[in-house]
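Numbering (numbering that gives the first Met the number 0), first residue to last: 0 to 310. Heads up, the beta-carbon is just placed ideally off N, CA and C, and yes, glycines get one too. Fair warning: this is a prediction, and the values are worked out from it, not measured in the lab.
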Amino acid sequence: MSLYKIISPKDFIQLTKTTSKSRIITVDASWHMPNTNRSGLKEYKEGPRLPNSIFFDIDDVKDDQSSFPHMLPTVSIFNKKLSNLGLLPDDTLIVYDKIGNFASPRAAWTFTTLGHEGSVYLLNNYNDYLKLNKQDSESYPLEHGTIDKITSFAPTNYQVKKDHIKDQVIDIHEVKKLVDSGEIKNYNFFDARSFDRYSGAAPEPRAGLTSGHVPGTYSLPFLSLVNSETKGLLPKEELKEAILKTLNTTGAEFDPKKPTLTMCGTGVTGVIIKTALEESGLVDSSKLYDGSWTEWALTYGNQPVYVAKKE
């Protein structure tokens, strides 16, 4: 199961009324693809926001030595960034984004993978919260007005005691070894991008990047696992059926006895399907190939592009 928990807007409000052992801090982790002309930071500052929110930027809290976007930060970078945000190790965090569930699973996964000690919840989801706010703004409050800072908390000395990186991440060297040895057949390895990007029929959104997929991986598009309107993760009881139906549609295979890996374009939506697989009960735990297709294609771009076989 995921290191973080899924929470509905109603349960989130209930949590704020019952939890007193730690601070409850909402975390706006909104992030948008470059071609959308939207800025998560700008929208956070302009509002509305969930009360008591800070802004967590996956393009800032990252490995600054990597040439690939928003890669998982080192523990030292994580400590520094969270200290600047004014967080404490035992804070209860409610992570959300204004798309629904897009970058917020990535942010929640970052917190727990790097070893945040307090409870981390993924709000499912902000758009449902907005609907409830329109019905009852007192019970489901929003913070309005423009602000100029990403946190209202004073800096702290945040320190991680134990991370979970080895349990949560697989790197390109390990993936390449699995491919070259043929051992990849012993894994469920799912790609969250659209089937057309996976198959090579559609171009990647990043200029100059070849399309296709890592040999031995299967297609599991993340959009099939979220509500088409709100973009929230489907209810737990619907996830298993949706996953198996989608895998059948894309010609993928799933073996519950095999360990599971996930990936996508740059490690964002790969966490969505990772979360869905674990939440559905189909797998107990899984690992993310953080560099995903962008790293693979740019590293091994001189090799043949592996495309899906046509039936």
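Within 8 angstroms, strictly: CB atoms of residue i and residue j
i: G231; j: H163; result: no
i: V282; j: V159; result: no
i: G280; j: K239; result: yes
i: K235; j: E278; result: yes
i: G211; j: K184; result: no
i: G266; j: R105; result: yes
i: A241; j: L224; result: yes
i: G99; j: N132; result: no
Outcome for residue i when other beta-carbon atoms lying within 10 angstroms are tallied against a minimum of 16
i: P33; result: exposed
i: D289; result: buried
i: N156; result: exposed
i: K9; result: exposed
i: N247; result: exposed
i: P72; result: buried
i: T96; result: According to the sequence provided, residue 96 is Asp. The question's Thr does not apply to it. Buried, because 16 or more other Cβ atoms sit within 10 Å of the Cβ of D96.
i: L86; result: buried
i: S29; result: buried
Span separating the alpha-carbon of residue i from that of residue j
i: L129; j: Q167; result: 32 angstroms
i: N226; j: L233; result: 6 angstroms
i: V174; j: F253; result: 18 angstroms
i: F55; j: V213; result: 30 angstroms
i: V304; j: A206; result: With a pLDDT of 46 at V304, under the threshold of 50, the predicted position of this residue should be treated as unreliable, and no value is reported.
i: D195; j: D147; result: 41 angstroms
i: F188; j: K16; result: 41 angstroms
i: A307; j: V178; result: Residue placement at A307 is poorly supported in this model, since its pLDDT is 47, which falls under 50; the coordinates still yield a value, given next. Between A307 and V178, the C-alpha separation is close to 16 angstroms.
i: M70; j: S103; result: 15 angstroms
i: D190; j: L222; result: 12 angstroms
i: K41; j: S19; result: 32 angstroms
Contacts around residue i, its chain only, beta-carbon distance under 7 angstroms, and the 5 residues preceding and following it disregarded
i: E294; result: F67 and I171
i: S138; result: I12
i: A296; result: L208 and T209
i: K286; result: Q167, V168, I169 and L260
i: K161; result: G114
i: T338; result: For residue 338 there is no data in the structure shown, the boundaries of the chain being 0 and 310.
i: D311; result: An answer regarding residue 311 cannot be provided, because it is not within the stretch 0 to 310 covered by the chain.
Close Cβ partners of residue i (< 6 angstroms) along its chain, the five nearest in sequence each way excluded
i: T25; result: L49, N51, S52 and I93
i: K4; result: Y120
i: N36; result: none
i: R192; result: C263 and G264
i: W108; result: V270
Residue from the options whose Cα sits closest to the Cα of residue i
i: G46; options: L141, F194 and K165; result: L141
i: K273; options: S218, A296 and E228; result: S218
i: L81; options: L222, S1, P154 and S291; result: P154
i: S7; options: N126, K44 and K257; result: N126
i: R22; options: T111, P88 and D96; result: P88
i: L2; options: W292, D63 and L276; result: L276
Close Cβ partners of residue i (< 8 angstroms) along its chain, the five nearest in sequence each way excluded
i: E310; result: The pLDDT assigned to E310 is 38, lower than 50, so where the model puts this residue is not dependable; a value taken from the coordinates is nonetheless given after this. So the list reads G250, once near-sequence residues are dropped.
Any non-hydrogen atom of the ligand NAP within 7 angstroms of residue i CB
i: N126; result: As for the ligand NAP, it is missing from this structure, which has no ligand bound.
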